[in-house]
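Engineer:
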Ligand SMILES: Cc1cc2nc3c(=O)[nH]c(=O)nc-3n(C[C@H](O)[C@H](O)[C@H](O)COP(=O)(O)OP(=O)(O)OC[C@H]3O[C@@H](n4cnc5c(N)ncnc54)[C@H](O)[C@@H]3O)c2cc1C
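In the working numbering, the protein residues as written are 12 to 319.
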């Protein structure tokens, strides 16, 4: 078995979730190769026991790091492996299906457990059931739900490094205009150990900022939002937790004025401890909460902030 893990660099930094994907790779084989798109300091990854070889494509820039331009180059490399793994983030979800299409393979998405090298568990129907999928493909393509795997950290001897270059496809239908990275003053949602999430009931962006950001800052956590809150303009898209947002699994999830719709639960139900504040004693969120407070958030949250 030959396992490949694909990752990318942004602003000279490797994506942290690579370590979680490596834990998944370890469930398949003791060694794997890591393919890095873009330029970054890879020394920490090079010292990891599981990593045998690093393939560095450091001529890939923000302008050329596009799934459309790189998928066919990558497909040629993927062909040499029995398994290719990538994080199920927006980058992985864009890239791997294209590679699957080029190679005429099926992809297994959002893997949460590697049962064996051929058998994988993945959520279906907004996370309401877990499907066990057996693959008979010779090349298995997996996107990994990184919150389901701990970060890999076993140290070993230095992996070899191969520096390569891609010539991205010319594509006259696609031109790079630039990109804007959002830098929040709060912690990144995907890696946060504590998340405070607000819903539609906040009623305005001003109150969302004052109460949800205010509480998150006091607790040293990240800010999340329901889709209803995002659509109302109270929070930015990258804050959305749920089926069509981010999947998170912090140690503490504080849900303020969130009803607990199935699509929201799909994004947070692996949180270790859930605290919910809601006016309605019958709100669905209380079924998932370890601690529930029935009350008006406009009374409860200011009091909490002042006591903290
Ligand atoms: C295909 C699809 C995908 C979706 N994806 C997502 C997703 O990724 N993430 C997501 O969140 N949603 C998603 N949704 C939307 C989801 O179905 C819900 O509509 C949404 O989660 C509701 O958000 P909410 O809990 O903020 O609002 P509401 O459902 O309106 O709930 C507001 C809650 O606040 C409580 N409340 C009101 N006033 C107060 C107060 N003063 N104090 C305390 N509590 C109060 C109410 O009792 C209620 O429980 C998706 C829907 C579809 C169809």
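Glycine included, every Cβ here is placed at the ideal spot set by N, Cα and C.
(1) If I measure Cβ to Cβ from residue 305 and keep anything under 6 angstroms in the same chain, skipping five residues before and after, which residues do I get?
(2) Going by the beta-carbon positions, is the gap between residue 192 and residue 21 smaller than 9 angstroms?
(3) Could you please give the first and the last residue of the uninterrupted alpha helix (DSSP H) stretch that includes residue 78?
(4) Under the three-state reduction of DSSP, which class applies to residue 102: helix, strand or coil?
(5) Counting C-beta neighbours from all protein chains within 10 Å, is the total for residue 289 16 or more, i.e. buried, or is it exposed?
(6) Tell me where the beta strand (DSSP E) around residue 310 begins and ends.
(7) Would you tell me roughly how many angstroms separate the C-alpha atoms of residue 240 and residue 204, rounded to the nearest one?
(8) Could you pull the start and end residues of the alpha helix (DSSP H) that residue 229 belongs to?
(9) Which partner residues does residue 44 have in the DSSP bridge list?
(10) Could you please go through the chain and list the residues whose beta-carbon is closer than 5 angstroms to any non-hydrogen atom of ligand 1?
(11) For residue 268, count neighbouring C-beta atoms within 10 Å of its own C-beta (all shown protein chains included) and say buried if the count is 16 or more, exposed if not.
(12) Can you give the beta carbon distance from residue 41 to residue 125, rounded, assuming they're within the 8 angstroms contact cut?
(13) Given a cut-off of 9 angstroms on the beta-carbon distance, is the pair residue 47 and residue 69 in contact?
(14) Return the residue from the list 136, 132 and 152 that minimises the CA-CA distance to residue 110.
(15) Quick one, are the C-beta atoms of residue 206 and residue 279 less than 9 angstroms apart?
(16) According to the Cβ coordinates, are residue 300 and residue 257 closer than 9 angstroms?
(17) Count the other CB atoms, across all protein chains shown, that sit within 10 Å of the CB of residue 238; report buried if there are 16 or more and exposed otherwise.
(18) I need the DSSP call for residue 240, collapsed to helix, strand or coil.
(19) Among the candidates 234, 259 and 253, whose CA atom is the shortest distance from the CA of residue 245?
(20) Hey, quick one: how far does the alpha helix (DSSP H) through residue 259 stretch, first residue to last?
(21) Kindly give me the distance between the Cβ atoms of residue 173 and residue 59, rounded to whole angstroms, as I take these residues to be in contact under 8 angstroms.
(22) For the 8 angstroms Cβ check, are there 3 or more pairs between the stretch 66-84 and the stretch 144-164?
(23) Would residue 146 pass as a contact of residue 130 if the rule is Cβ separation under 9 angstroms?
(24) Using C-beta distances below 6 angstroms, list every residue in its chain close to residue 230, excluding the 5 sequence neighbours before and after it, in chain order.
(25) Give the range of the beta strand (DSSP E) segment to which residue 36 is assigned.
(26) Three-state secondary structure (DSSP) at residue 217?
(27) So residue 96 packs on residue 148, CB below 8 angstroms; how close in whole Å?
Structural biologist: Taking the coordinates as given:
(1) 292
(2) yes
(3) 78-89
(4) helix
(5) buried
(6) Counting along the chain, residue 310 falls outside any beta strand (DSSP E), though it belongs to the alpha helix (DSSP H) covering 308-318.
(7) 22 angstroms
(8) 225-230
(9) 15 and 64
(10) 210, 211, 212, 237, 238, 239, 253, 254, 255, 256, 268, 269, 270, 272, 274, 275, 289, 290, 291, 294, 307 and 308
(11) buried
(12) That pair is no contact at about 13 angstroms.
(13) yes
(14) 152
(15) yes
(16) no
(17) buried
(18) helix
(19) 234
(20) First-last for residue 259: undefined, no H or E at that position.
(21) That belief does not hold up - the Cβ atoms of residue 173 and residue 59 are roughly 16 angstroms apart, past 8 angstroms.
(22) no
(23) yes
(24) 205
(25) Premise fails: residue 36 lies in the alpha helix (DSSP H), 29-37, not in any beta strand (DSSP E).
(26) helix
(27) The Cβ separation is near 14 angstroms, so there is no contact.
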